Amino acid sequence: MKAVPRANEDCEIKTTRYEEQNGGSVPHTIPYRTGDVLTLKSGGRPMTATWVGPVAFAPGIWLICEWFDDAGEVQQGMFDAATLELVAHV
């Protein structure tokens with residue numbers, strides 16, 4: 001059976017590919033990892049990071065996060081890492 005990389009290992013691989021493909025740079029230290037609980041720096045509900053890494057259409061590190069709205073429905077959004085702050089590492 002093939003070993004599955006952990007979230008941070010996977011992010012390091014994606015970061016390297018991003019740098020190679022775009023000639024850009026991304027932070028060498030990614031402060032967040034999959035499973036972390038985060039909020040927007042501007043406020044809002046706690047969210048869980050479900051994906052962390054670079055994306056093809058924008059520089060930097062991005063996170064896909066999920067949270068529950070007032071009706072209890074799951075919501076999902078993509079955020080620049082610079083707009084988030086850590087509530088708890090998991």
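Residue numbers for the sequence shown follow UniProt numbering, so the first one is 1 and each next one is one higher.
Don't be surprised by glycine CBs; every beta carbon is placed ideally from N, CA and C.
The structure presented is a predicted model; accordingly, all values stated were derived computationally and were not measured.
Through-space distance from GLY43 to VAL74, alpha-carbon basis: Roughly 18 Å between the two C-alpha positions.
Exposure label - LEU38; buried when at least 16 CB within 10 Å: Counting of Cβ neighbours within 10 angstroms places LEU38 among the buried residues, the total reaching 16 or more.
Nonlocal neighbours in the same chain, by C-beta distance under 6 Å from MET78, ignoring five residues either side: Closer than 6 Å at Cβ, skipping near neighbours: TRP62, ILE64.
Nearest residue (CA-CA) to ASP70, options THR34, ARG45, ALA82: It is ARG45.
DSSP three-state assignment for ALA58, whether helix, strand or coil: ALA58 carries a strand assignment under DSSP once its states are collapsed to helix, strand and coil.
Residue range of the unbroken beta strand (DSSP E) whose run includes GLU85: In the DSSP assignment, GLU85 falls within the beta strand (DSSP E) that extends over 84 to 88.
Per-residue DSSP class, three states only, for LYS2: Residue placement at LYS2 is poorly supported in this model, since its pLDDT is 43, which falls under 50; the coordinates still yield a value, given next. Here LYS2 carries a coil assignment [DSSP, helix/strand/coil].
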